[in-house]
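At position 80 of the sequence shown the residue is numbered 79 (numbering that gives the first Met the number 0), and the sequence of numbers has no breaks.
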Amino acid sequence: MDSSTQSCTVELRDADDGRVLGAGRSPHPATAPPVSEQDPEDWWSALRLALAAALDQAGLTADRIDAVSIAAQCHGLVLLDEADRVLRAAKLWNDTTSAPQAAAMVADLGASGWAEAVGSVPTAAFTITKLAWVAAHEPALLDRAHRVLLPHDWLTFRLTGEAVTDRSEASGTGYFAAHEDRYRTDLLERWVRSDRDWAPMLPRVAGPDEAVGRADTRAATALGLRRDVLVGAGAGDQHAGALGIGLGPGQVLYSLGTSGVVMTTSATPVHDGTGWVDGVADATGGWLPLMCSLNSTKVTDTVARLLGVDLPGLAALALAAERRPDRMVLAAYLDGERTPDRPDARGLLGGLRSDVTREELALAAHEGVILGLLRGHRAIRAAGAAADGEVVVAGGGARSAAYRQVLADALGRPVSTREAPEATARGAAIQAAAVLARAPVTTVRDSWAPATTTTTDPAAALPESVLDRYRALAEWRQPTEKE
Numbered sequence: 000m001d002s003s004t005q006s007c008t009v010e011l012r013d014a015d016d017g018r019v020l021g022a023g024r025s026p027h028p029a030t031a032p033p034v035s036e037q038d039p040e041d042w043w044s045a046l047r048l049a050l051a052a053a054l055d056q057a058g059l060t061a062d063r064i065d066a067v068s069i070a071a072q073c074h075g076l077v078l079l080d081e082a083d084r085v086l087r088a089a090k091l092w093n094d095t096t097s098a099p100q101a102a103a104m105v106a107d108l109g110a111s112g113w114a115e116a117v118g119s120v121p122t123a124a125f126t127i128t129k130l131a132w133v134a135a136h137e138p139a140l141l142d143r144a145h146r147v148l149l150p151h152d153w154l155t156f157r158l159t160g161e162a163v164t165d166r167s168e169a170s171g172t173g174y175f176a177a178h179e180d181r182y183r184t185d186l187l188e189r190w191v192r193s194d195r196d197w198a199p200m201l202p203r204v205a206g207p208d209e210a211v212g213r214a215d216t217r218a219a220t221a222l223g224l225r226r227d228v229l230v231g232a233g234a235g236d237q238h239a240g241a242l243g244i245g246l247g248p249g250q251v252l253y254s255l256g257t258s259g260v261v262m263t264t265s266a267t268p269v270h271d272g273t274g275w276v277d278g279v280a281d282a283t284g285g286w287l288p289l290m291c292s293l294n295s296t297k298v299t300d301t302v303a304r305l306l307g308v309d310l311p312g313l314a315a316l317a318l319a320a321e322r323r324p325d326r327m328v329l330a331a332y333l334d335g336e337r338t339p340d341r342p343d344a345r346g347l348l349g350g351l352r353s354d355v356t357r358e359e360l361a362l363a364a365h366e367g368v369i370l371g372l373l374r375g376h377r378a379i380r381a382a383g384a385a386a387d388g389e390v391v392v393a394g395g396g397a398r399s400a401a402y403r404q405v406l407a408d409a410l411g412r413p414v415s416t417r418e419a420p421e422a423t424a425r426g427a428a429i430q431a432a433a434v435l436a437r438a439p440v441t442t443v444r445d446s447w448a449p450a451t452t453t454t455t456d457p458a459a460a461l462p463e464s465v466l467d468r469y470r471a472l473a474e475w476r477q478p479t480e481k482e
């Protein structure tokens, strides 16, 4: 199961060979920064509908399911009271209202201090900043909080009654040091509240191959699941996506969805004090240094709407554009930005001329997304990760020939796609199959390795001058409304 920002997707796969038997999807309520919140009950309703659709497509009943694993959007804050009722709508990863709390934390401990402590430098995306926002704006609500969970933790809790998470999700909270395998409750005491006993409020951190419980709650029974169904620890969506793609050592994944992410695997922790690279854990017991942007396919969605074309039409325009070295560039900060940390920024278009074309604007939209991620790729290499192997592109944007071509041209090397259109749900299924077989998750990952479906070779090298002009535009400090 993949409970993303936009929807819940369920894939039913054969536990032995990984064949897809059925799939279903149900949408979540739409959100947009700066206030981006969802009611967790809506996630459960979407999960129920998506599971029913998948079972219907497969011609199966729920009692045929033997194991389940849930991956979900990262960082979101779910607070429960003593009766395990949700206290407020969950603040999502792309809610930027806690930007002042994030800035205060970084100013106090320093970027390098945070990287050393928990592997990453917190932004408004991180759970610890959202907790600090609640402490500042809704202190009475925090008084009532009994559990602090993340989205996939809560869904697993609904199935099993167990408060449990995994290393990948915990490492993106800002209060779990994955390299030391421990919560840093001292950070919560310092920046959220010093009068709370945080340890009992936090979920247990399980291993990637571990069965964390059985689907024996009333909510699980209502789904039609047997009470002996095994439930895996789950994972963050990007972490499960890397698992579903079969990302190997040194390989690089560009994920183009609601957010844009570039990542690689690492056998050792990667801590970057610049704030560009999140040194998070992966879903196999290793590490997944990554850079995440707030604006990805929404950028091309927006420009397609402005030009009055559909996405294939926008891709065709971009591919037909003249690749002139003085072409327009777009700093694609439509809804603020996470990396670099610019929560108040907006998109900037530079290089407008009187002879500008629709094709050039379409190209600028695709390049604006890719060039931001390219800077993240370079930052991952600079932080010491081996990120020079095969480049794979996934997510909804990977279906666009224009995104694939722009990425290949920007890198100057081929990029490929793999037979994993729903990589996150596929990764969750890999974990569930590993739990069922009592096998290492890497063994199932490798045995289910998806085939390469497309390879896109570079066609026109990206002039360094284009990247220079993009960088200058992206780094310009925009005045905020407060000023």
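Note that CB positions come from ideal geometry on N, CA and C, so glycine has one too. Just so you know, these numbers come straight off a predicted model, no measurement behind them.
Rounded separation between residue i and residue j - CA only
i: Pro199; j: His178; result: 21 Å
i: Leu316; j: Arg322; result: 12 Å
i: Pro342; j: Gly274; result: 14 Å
i: Glu188; j: Val147; result: 14 Å
i: Leu287; j: Thr423; result: 15 Å
i: Thr96; j: Arg18; result: 42 Å
i: Leu362; j: Arg192; result: 48 Å
i: Val117; j: Ala320; result: 44 Å
i: Asp165; j: Met104; result: 25 Å
i: Leu305; j: Ala364; result: 11 Å
i: Ala114; j: Gly285; result: 17 Å
i: Thr216; j: Asp309; result: 44 Å
Beta-carbon gap between residue i and residue j smaller than 8 Å
i: Val368; j: Thr299; result: yes
i: Gly245; j: Ala106; result: no
i: Ser167; j: Ala280; result: yes
i: Ser415; j: Thr356; result: no
i: Leu149; j: Gly75; result: yes
i: His145; j: Glu81; result: yes
i: Ala61; j: Gly23; result: no
i: Thr267; j: Gly249; result: no
i: Glu336; j: Ser292; result: yes
i: Ala88; j: Asp38; result: yes
i: Ala45; j: Pro32; result: no
i: Leu222; j: Arg63; result: no
DSSP-derived helix/strand/coil call for residue i
i: Phe156; result: helix
i: Arg84; result: coil
i: Trp286; result: strand
i: Val443; result: helix
i: Val269; result: coil
i: Ser2; result: strand
i: Val191; result: coil
i: Tyr469; result: helix
i: Arg18; result: coil
i: Met487; result: The chain is shown only over 0 to 482; residue 487 falls outside these bounds and no answer can be derived.
i: Leu222; result: coil
i: Arg143; result: helix
i: Thr216; result: coil
i: Gly312; result: helix
i: Val211; result: strand
i: Met200; result: helix
i: Asp528; result: Nothing can be reported for residue 528, as the shown portion of the chain is limited to 0 through 482.
i: Ser292; result: strand
i: Tyr174; result: coil
Residue-level contact to chain B via CB, residue i, 8 Å cutoff
i: Val465; result: Of the protein chains in this structure there is only one, and it is not chain B.
Ranges of the beta strand (DSSP E) found wholly within the stretch 336-389, counting only runs of at least 3: Runs found: 347-349.
Tell me the start and end of each unbroken beta strand (DSSP E) in the stretch 405-436 that is at least 3 residues and wholly inside, in chain order. Listed in chain order, the complete beta strand (DSSP E) runs (minimum 3 residues) inside the stretch 405-436 are 414-417.
Does the structure place the stretch 369-377 close enough to the stretch 154-173 that three or more beta carbon pairs sit under 8 Å? Not touching, per the Cβ criterion.
Hey, is the stretch 197-214 in contact with the stretch 383-402, meaning 3+ C-beta pairs nearer than 8 Å? No contact exists between the stretch 197-214 and the stretch 383-402.
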